[in-house]
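K.L.:
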Amino acid sequence: KNKKHVAIYRNSWFTKCRQINFIQNINQKADVDCQLSMNKKLQTDILEERYGIIHSKVLTHTKDKREVLLLDQKGIVREYAFTFFPEVDNRLSVINRKIRRGGLIGKTFRDNGYDIIKRKKKNFIIELPVWLKKEFSTDERSAQASMYEFCVRKEAGSLKTYGFIFEIYNPK
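See the structure below:
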């Protein structure tokens with residue numbers, strides 16, 4: 173019952189977040205375009221410099237959404253990410269399968285020769301729901317969060333949107 177209650181709360185919280193904060197910002201012009209070539213750092217690279225190897229624990233991955241926790245080698249949750257997928261381009265299906273099996277989005281694309289373009293929509297502070305406080309093992313009431321459009325391009329190919337990502341960072 174408790175796990176079901178947490179899942180229902182989590183889904184309703186993100187449905188509300190999606191309706192209020194996220195979707196309204198998707199169609200706005202990005203505040204900052206940040207292009208990461210294959211030799212630049214991803215958020216995961218920064219986490220690994222601080223905490224060692226980072227891996228994902230996939231909570232949900234459907235054709236519409238992905239929900240993951242990023243954990244360090246000690247099992248401490250360092251980040252929560254929720255991705256909304258538009259219709260995924262068929263040419264990305266091989267990469268998408270690797271990501272579905274637990275691959276980290278940025279690393280998986282980079283390791284397969286893609287340039288990554290993150291179009292930042294918004295940075296903000298968010299009030300942490302109880303279930304996420306437990307995942308982060310914190311008593312903090314709020315945490316840093318960001319939203320961005322995750323785009324990829326291979327060589328001189330066209331830019332493709334893979335998803336819209338909402339990240340919440342462990343306040344510790």
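Everything in the sequence shown is counted per this note's numbering, starting at 173 for the first residue and increasing by one.
Ideal Cβ placement from N, Cα and C applies to all residues, glycine included.
Being a predicted model, the structure only gives us computed values, none of them experimental.
#1: So, does the stretch 244–255 touch the stretch 282–295, judging by three or more C-beta pairs under 8 Å?
#2: Using the C-alpha atoms, what's the distance from H227 back to K279?
#3: What residues are listed by DSSP as bridge partners for Q245?
#4: Specify the secondary structure class of T232 as computed by DSSP and reduced to three states.
#5: CB-CB under 8 Å to E312, same chain, minus the five flanking residues each way: which ones, in chain order?
#6: With contact counted as at least three CB pairs below 8 Å, one residue from each stretch, are the stretch 213–228 and the stretch 241–252 in contact?
P.N.:
In this structure, then:
#1: no
#2: 11 Å
#3: Under DSSP, Q245 forms no beta bridge with any residue.
#4: strand
#5: L300, K305, P343 and K344
#6: yes
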